[in-house]
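**Q** Sharing a structure, written as structure tokens. Questions coming.
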Amino acid sequence: MACSAAAGAEATALLCRRPAPSSIAGRNRLAVSRRPRHRNLRTGAQPPQQSTPSANYRNRVNIQRDRAGASSDDEHQQKSEDENGLPNIQLEDLVEMIQNTEKNILLLNQARLQALERADKIIKEKEALQQEINNLEIKLSETGAQSELSSKGMSDAEALEFDVLKEENMLLKDDITFFKEKLIEITETEESLFKLEKERALLDASLRELECAFIAAQSDMLKLGPMQHDAWWEKVENLEELLESTANQVEHDALILDGYHDFQDKVDKLEASLGATNISEFCLYLVDLLKKRVKSIEERFQACNREMHSQIELYEHSIVEFHDTLSKLIKESEKKSMEHYAEGMPSEFWSRISLLIDGWSLEKKIANNDANILREMAWKRDNRLREAYLSSRGKAERELIDSFLKMALPGTSSGLHIVHIAAEMAPVAKVGGLADVIAGLGKALQKKGNLVEIILPKYDCMQHNQINNLKVLDVVVQSYFEGNMFANKIWTGTVEGLPVYFIEPQHPGKFFWRAQYYGEHDDFKRFSYFSRVALELLYQSGKKVDIIHCHDWQTAFVAPLYWDVYANLGFNSARICFTCHNFEYQGTAPAQDLAYCGLDVEHLDRADRMRDNSHGRINVVKGAIVYSNIVTTVSPTYAQEVRSEGGRGLQDTLKIHSKKFVGILNGIDTDTWNPSTDRFLKVQYSANDLYGKSANKAALRKQLKMSSANASQPLVGCITRLVPQKGVHLIRHAIYKTAELGGQFILLCSSPVPNIQREFEGIADQFQNNNNIRLLLKYDDALSHMIFAASDMFIVPSMFEPCGLTQICHQSLQHCWHLQTRIDNAALICFVNFIVFDFDDETIPMELRNGFTFLKADEQGFDSALERAFNYYHRKPEVWKQLVQKDMKIDFSWDTSASQYEDIYQRAAARARAAT
Numbered sequence: 001m002a003c004s005a006a007a008g009a010e011a012t013a014l015l016c017r018r019p020a021p022s023s024i025a026g027r028n029r030l031a032v033s034r035r036p037r038h039r040n041l042r043t044g045a046q047p048p049q050q051s052t053p054s055a056n057y058r059n060r061v062n063i064q065r066d067r068a069g070a071s072s073d074d075e076h077q078q079k080s081e082d083e084n085g086l087p088n089i090q091l092e093d094l095v096e097m098i099q100n101t102e103k104n105i106l107l108l109n110q111a112r113l114q115a116l117e118r119a120d121k122i123i124k125e126k127e128a129l130q131q132e133i134n135n136l137e138i139k140l141s142e143t144g145a146q147s148e149l150s151s152k153g154m155s156d157a158e159a160l161e162f163d164v165l166k167e168e169n170m171l172l173k174d175d176i177t178f179f180k181e182k183l184i185e186i187t188e189t190e191e192s193l194f195k196l197e198k199e200r201a202l203l204d205a206s207l208r209e210l211e212c213a214f215i216a217a218q219s220d221m222l223k224l225g226p227m228q229h230d231a232w233w234e235k236v237e238n239l240e241e242l243l244e245s246t247a248n249q250v251e252h253d254a255l256i257l258d259g260y261h262d263f264q265d266k267v268d269k270l271e272a273s274l275g276a277t278n279i280s281e282f283c284l285y286l287v288d289l290l291k292k293r294v295k296s297i298e299e300r301f302q303a304c305n306r307e308m309h310s311q312i313e314l315y316e317h318s319i320v321e322f323h324d325t326l327s328k329l330i331k332e333s334e335k336k337s338m339e340h341y342a343e344g345m346p347s348e349f350w351s352r353i354s355l356l357i358d359g360w361s362l363e364k365k366i367a368n369n370d371a372n373i374l375r376e377m378a379w380k381r382d383n384r385l386r387e388a389y390l391s392s393r394g395k396a397e398r399e400l401i402d403s404f405l406k407m408a409l410p411g412t413s414s415g416l417h418i419v420h421i422a423a424e425m426a427p428v429a430k431v432g433g434l435a436d437v438i439a440g441l442g443k444a445l446q447k448k449g450n451l452v453e454i455i456l457p458k459y460d461c462m463q464h465n466q467i468n469n470l471k472v473l474d475v476v477v478q479s480y481f482e483g484n485m486f487a488n489k490i491w492t493g494t495v496e497g498l499p500v501y502f503i504e505p506q507h508p509g510k511f512f513w514r515a516q517y518y519g520e521h522d523d524f525k526r527f528s529y530f531s532r533v534a535l536e537l538l539y540q541s542g543k544k545v546d547i548i549h550c551h552d553w554q555t556a557f558v559a560p561l562y563w564d565v566y567a568n569l570g571f572n573s574a575r576i577c578f579t580c581h582n583f584e585y586q587g588t589a590p591a592q593d594l595a596y597c598g599l600d601v602e603h604l605d606r607a608d609r610m611r612d613n614s615h616g617r618i619n620v621v622k623g624a625i626v627y628s629n630i631v632t633t634v635s636p637t638y639a640q641e642v643r644s645e646g647g648r649g650l651q652d653t654l655k656i657h658s659k660k661f662v663g664i665l666n667g668i669d670t671d672t673w674n675p676s677t678d679r680f681l682k683v684q685y686s687a688n689d690l691y692g693k694s695a696n697k698a699a700l701r702k703q704l705k706m707s708s709a710n711a712s713q714p715l716v717g718c719i720t721r722l723v724p725q726k727g728v729h730l731i732r733h734a735i736y737k738t739a740e741l742g743g744q745f746i747l748l749c750s751s752p753v754p755n756i757q758r759e760f761e762g763i764a765d766q767f768q769n770n771n772n773i774r775l776l777l778k779y780d781d782a783l784s785h786m787i788f789a790a791s792d793m794f795i796v797p798s799m800f801e802p803c804g805l806t807q808i809c810h811q812s813l814q815h816c817w818h819l820q821t822r823i824d825n826a827a828l829i830c831f832v833n834f835i836v837f838d839f840d841d842e843t844i845p846m847e848l849r850n851g852f853t854f855l856k857a858d859e860q861g862f863d864s865a866l867e868r869a870f871n872y873y874h875r876k877p878e879v880w881k882q883l884v885q886k887d888m889k890i891d892f893s894w895d896t897s898a899s900q901y902e903d904i905y906q907r908a909a910a911r912a913r914a915a916t
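Residues in the sequence shown are numbered from 1 upward in steps of one, following my numbering.
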């Protein structure tokens, strides 16, 4: 069934725009953390204290600080209501209170403006008073001159009296000088007040900017969960620090104004001095006038002060009420957040807990029974484990163990304990579709509430940067091989949120230090060794596993090893599921090679067990079919095909065991293959907005230095392993045919077959100067995402295609909200057609037609399919666009397939429990 499919879902990117941070100019920008105020704000406000004149100015700044805190907290509580379901009536009261507070602030500002207007009048009166003082000085000078002239004719007694009067005149001059200095200070204070008023206006503007920034960033901050509340409060503290700097300046100015009250004392002293000198009535009149003016200023100042004080008291009362309500809302929000917090913890966290427990069990730090109970709590996501773990961070490991053991009470779990033993897992060790299945199926089963673990070889060439918390356990697992016991290091880590065990053999053959995954002369020995150690690890850990799921011939040894060796040791709680992803590879070898891993050759080298159906060798895939409780393959169609010639000699065995054999269509990992979130794409896109697809096409052309003169020139992609089953002759022909039709072609591939690899290296050299053809003879995960997204059509020729992941990746990826946003290409051109239906086949309902297929696996059949695809692309662009969008909306996620696996797992586990 050779298939070709027009793929390509031109989808515009969903670009994430982040609000720019608020900028506060000059000295208004502060970001000092102030923890004490943080805690006071969260626990409610203190009752208002008795205000003093200088405190009034402090209160004025506190009003602005509280207003900013109220605005930010209001936004925080509004979000908390959405998340935690707080009563609406509380939020409405809070909003009304904030609005009243803003009205009070406006009244306070109006009072401030009136005070400034009065200060203006005071300045004018001060200038008039200064003029009168100057006149008084002139009069005094004249009086002094006249006194000197008259002193010449005075008696000694009169001269003495005159000297006293003269001294008092000098004191009067000193007082006048003092008053002038005080007037200068008052003028400077008034200037500071005007500057302060300008700064207040700037601060108000900055506050409004900061409030907008809080509103825009609130949703992002809330997504971080309750553990990140401190980051939200940090922004409020920055605002408080900003307001505090202004408050300090206001207090300084208030102290200067307090000195203004001494002015009355000086006036009284001046009056007394003038009264004692018995100088002219005119001078007394001036002093009296000065006293009245000062009294008028004082009365106005007091009136302004009383008005401001009343406004401040009103505001303080509303602030206390506001903080009381706010504290209640915060407590309720935190309580509900903590109640639901465990549900929000990522899978990565619970996988880490599970690995921690398993490590303690293997290292004999806790008993097996306690470990089993704690594992159940971990996969049930018990809040108590989370709280114990978080509260014990930074403490000794023994304290954490003790806190866990206190919770080790008997319990049951509705989920299953599933262990996958495999040779690959994406993205740490990937060769083909098997790696994607292990990761995708594992995550889907984990989301359904099952405990899922993976066991892999620790290859030297695996992608270590894709493993989180990789560490070696303080335990050595001894396993049997070739008549001896060999030590094995056990490493743990999390991959894609799943707990993974990596086995590192301490065998002189360095089985997994070969710089490649497969293709070694001793692959049979390497993977039989790995299968034995994987079971030994489970056995020594004391786990009560429900399902052991092994994949392909590399781990097919697990089934006979489990039932013939480990079940006899008491490790018999599990049931075995075996999946063959490709019956082309069956793992045959001379019968005596089974003895390497401790299997009984005489017992197994029989036609009804592991002897191959066609020759005298043993066949490990056949052994897995015979010994497993469940046997699956990658689609219902392929399951039908392998029961006939497609079984590559195992069709009779599959017929005998047909009751336990089923085909389940593989899904794709929607976290990885989603064009609206794919981190490898230049621009994300969706089925409803295809702009991003053309943008990715342009970016890929630029990256690979291909011609971009014609934006509408169709781009044909192909990603594959170059092996005979893939129809290598059709791939080669596709390159030349695409060039003939005026398209562009990108091939990303590699081949384990030397002559095929050399052949395509020659073709790559032939086209190295052609700007429309690129052959990339390697595997590059990031580049594969770009090619899927950028291609208008995708070639999937194959003599048979058991897995079909390539076709699926091109047609659909489900968005996590069940919005039908998919990846990548619209038209598939295929020989295999269990998921691709020809667009021109009138015997198929229109809603099912999704690509272009051909029945005969030759060049003529391929040419016909490719020419029809080019014709639709060029001449019927609207029809093509509809085909693209329809293909992207097909749901090929793992959810349905995982449910089918879970169902057959449950039935097998139920039979196991009934048998015990």
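Ideal Cβ positions, reconstructed from N, Cα and C, are used throughout, including at glycine.
1. Consult DSSP for Lys737 and reduce its assignment to one of helix, strand or coil.
2. Tell me the DSSP secondary structure of Trp491 in three-state form.
3. Counting along the chain, where does the alpha helix (DSSP H) carrying Asn710 start and finish?
4. Please give me, in chain order, every unbroken run of the alpha helix (DSSP H) with length at least 4 that falls completely inside the segment 487-563.
5. Are Ala487 and Leu456 close, meaning C-beta to C-beta below 8 angstroms?
6. Should Gly717 be labelled buried (16 or more other beta-carbon atoms within 10 Å of its own) or exposed?
7. Decide if Ser391 is buried, meaning its Cβ has at least 16 other Cβ atoms within 10 Å, or exposed.
8. Please state if the CB of Cys577 and the CB of Phe658 are separated by a distance shorter than 8 angstroms.
9. Less than 7 angstroms between C-beta atoms, sequence neighbours within five positions excluded: which residues of the same chain meet that for Ala909?
10. In whole angstroms, what separates the C-alpha of Ala915 from that of Tyr905?
11. Using three-state DSSP, classify Leu690 as helix, strand or coil.
12. Going straight from the alpha carbon of Val495 to that of Leu355, what length do you get?
13. Are Asp895 and Ala444 closer than 8 angstroms when you measure CB to CB?
14. Spatial neighbours of Lys525 within its chain, please: CB distance less than 8 angstroms, with the 5 preceding and 5 following residues excluded, ordered by chain position.
15. Skipping 5 residues on each side, what residues in its chain have a beta carbon closer than 8 angstroms to that of Asn771?
16. So what does Ala429 bridge to, in DSSP terms?
17. Taking Lys886 as part of the alpha helix (DSSP H), name the residues at either end of that continuous run.
18. Per DSSP, which residues does Gln466 bridge with? Please list them.
19. Please state whether DSSP places Ala589 in a helix, a strand or coil.
20. Any contact of the segment 662-671 with the segment 431-451, i.e. 3+ C-beta pairs under 8 angstroms?
21. Hey, how far is the Cα of Leu535 from the Cα of Thr492?
22. Over the uninterrupted alpha helix (DSSP H) stretch that includes Ser750, give me the two end residues.
23. Can you give me the Cβ contacts of Leu805 inside the same chain, cut-off strictly under 8 angstroms, excluding the 5 residues immediately before and after it?
24. So, is Cys461 buried or exposed, given that buried needs 16 or more other C-beta atoms within 10 angstroms?
25. Can you check DSSP and say which residues form a bridge with Leu385?
26. Are there three or more Cβ pairs, one per stretch, closer than 8 angstroms when the segment 644-664 is compared with the segment 676-689?
27. Using the Cα positions of Ala426 and Asp781, report the straight-line distance between them to the nearest angstrom.
28. Would DSSP call Asp671 helix, strand or coil?
29. Pull up the CB-CB distance for Tyr518 and Val631, whole angstroms please, since I reckon it's below 8 angstroms.
30. What are the partner residues of Ser893, as DSSP defines its beta bridges?
31. When burial is assigned at 16 or more other CB atoms within 10 Å of the CB, is Leu883 buried or exposed?
32. Suppose you measure from the CA of Arg911 to the CA of Phe854; what does that come to, to the nearest Å?
33. Whole angstroms is fine: what's the gap from Lys778's alpha carbon to Gly727's?
34. Would DSSP call Ile401 helix, strand or coil?
35. Counting Cβ pairs closer than 8 angstroms, one from the segment 728-742 and one from the segment 683-698, do we hit at least three?
36. Does DSSP classify Gly647 as helix, strand or coil?
**A** In this structure, then:
1. Indexing the sequence shown from 1 puts residue 737 at position 737. Lys737: helix per DSSP, three-state reduction.
2. Residue 491 sits at position 491 when you count from the first residue of the sequence shown. Residue state, collapsed to three classes: strand.
3. Numbered from its first residue, the sequence shown carries residue 710 at position 710. Taken as a continuous stretch (DSSP letters only), Asn710 belongs to no alpha helix (DSSP H), as it is neither H nor E.
4. 523-541, 558-561
5. On the sequence shown, residue 487 is found 487 positions in, with the first residue counted as 1. On the sequence shown, residue 456 is found 456 positions in, with the first residue counted as 1. The answer is no: Cβ separation not under 8 angstroms.
6. Against the sequence shown, residue 717 aligns to sequence position 717. By the neighbour-count rule (16 or more Cβ atoms within 10 Å), Gly717 is buried.
7. In the sequence shown, residue 391 corresponds to position 391, counting from 1. Result: exposed.
8. Within the sequence shown, numbered from 1, the residue matching residue 658 stands at position 658. Within the sequence shown, numbered from 1, the residue matching residue 577 stands at position 577. According to the sequence displayed, residue 658 carries Ser and not Phe. Not closer than 8 angstroms, so no.
9. Taking the first residue of the sequence shown as position 1, residue 909 is located at position 909. Leu416, Asp546, Ile547, Arg575, listed in sequence order.
10. As a first step, residue 915 is located in the sequence shown; it is residue number 915 there, counting from the start. As a first step, residue 905 is located in the sequence shown; it is residue number 905 there, counting from the start. Near 15 angstroms, if we compare the C-alpha coordinates of Tyr905 and Ala915.
11. Against the sequence shown, residue 690 aligns to sequence position 690. Looking at Leu690 - three-state DSSP - the assignment turns out to be coil, as it is neither helix nor strand.
12. Counting from 1 along the sequence shown, the entry for residue 495 is found at position 495. Counting from 1 along the sequence shown, the entry for residue 355 is found at position 355. Approximately 12 angstroms between the Cα atoms of the pair.
13. In the sequence shown, counting from the first residue as 1, residue 895 sits at position 895. In the sequence shown, counting from the first residue as 1, residue 444 sits at position 444. Closer than 8 angstroms, so yes.
14. Taking the sequence shown and counting its residues from 1, one reaches residue 525 at position 525. Gly509, Phe511, Asp593, Tyr596, listed in sequence order.
15. In the sequence shown, counting from the first residue as 1, residue 771 sits at position 771. Result list for Asn771: Lys705, Met706, Ser707, in chain order.
16. Counted from its first residue, the sequence shown places residue 429 at position 429. BP columns for Ala429 point to Met425.
17. As a working mapping, residue 886 is identified with position 886 in the sequence shown. 877-888 is the extent of the alpha helix (DSSP H) around Lys886.
18. Residue numbering aside, residue 466 sits at position 466 when the sequence shown is read from its first letter. In DSSP, Gln466 forms no bridge with anything.
19. Taking the first residue of the sequence shown as position 1, residue 589 is located at position 589. Reduced to three states, the DSSP call for Ala589 is strand.
20. yes
21. For the purposes of this step, residue 535 is identified with residue 535 of the sequence shown, where counting begins at 1. For the purposes of this step, residue 492 is identified with residue 492 of the sequence shown, where counting begins at 1. So the alpha carbons of these two residues sit roughly 16 angstroms apart.
22. Reading the sequence shown from its first residue, position 750 is the one you call residue 750. Where Ser750 is concerned, there is no enclosing alpha helix (DSSP H), although the beta strand (DSSP E) it sits in stretches over 744-750.
23. Looking up residue 805 in the sequence shown gives position 805. Below a pLDDT of 50, predicted positions are generally treated as unreliable, and Leu805, at 41, falls in that range; no measurement from the model is reported.
24. Numbered from 1 along the sequence shown, position 461 holds the residue referred to as residue 461. Counting Cβ neighbours within 10 Å, Cys461 comes out exposed, since fewer than 16 surround it.
25. Within the sequence shown, the letter at position 385 stands for residue 385. None; Leu385 has no bridge partner.
26. no
27. Position 426 of the sequence shown, counted from the first residue, corresponds to residue 426. Position 781 of the sequence shown, counted from the first residue, corresponds to residue 781. For Ala426 and Asp781, the distance between alpha carbons rounds to 10 angstroms.
28. Translated into positions along the sequence shown, residue 671 becomes position 671. Residue state, collapsed to three classes: coil.
29. Numbered from its first residue, the sequence shown carries residue 518 at position 518. Numbered from its first residue, the sequence shown carries residue 631 at position 631. Not a contact, Cβ separation roughly 23 angstroms.
30. Here residue 893 refers to the residue found at position 893 of the sequence shown. In DSSP, Ser893 forms a bridge with Ile668.
31. For this step, residue 883 is matched to residue 883 along the sequence shown. With 16 or more other Cβ atoms within 10 Å, it is buried.
32. Position 911 of the sequence shown holds residue 911. Position 854 of the sequence shown holds residue 854. Rounded to whole angstroms, Arg911 to Phe854 spans 45 angstroms at the Cα level.
33. Locating residue 778 in the sequence shown gives position 778, where the first residue counts as 1. Locating residue 727 in the sequence shown gives position 727, where the first residue counts as 1. So the two alpha carbons sit approximately 18 angstroms from each other.
34. Working through the sequence shown from its first residue, we reach residue 401 at position 401. Helix.
35. no
36. Within the sequence shown, the letter at position 647 stands for residue 647. Of the three classes helix, strand and coil, the one that applies to Gly647 here is helix, per DSSP.
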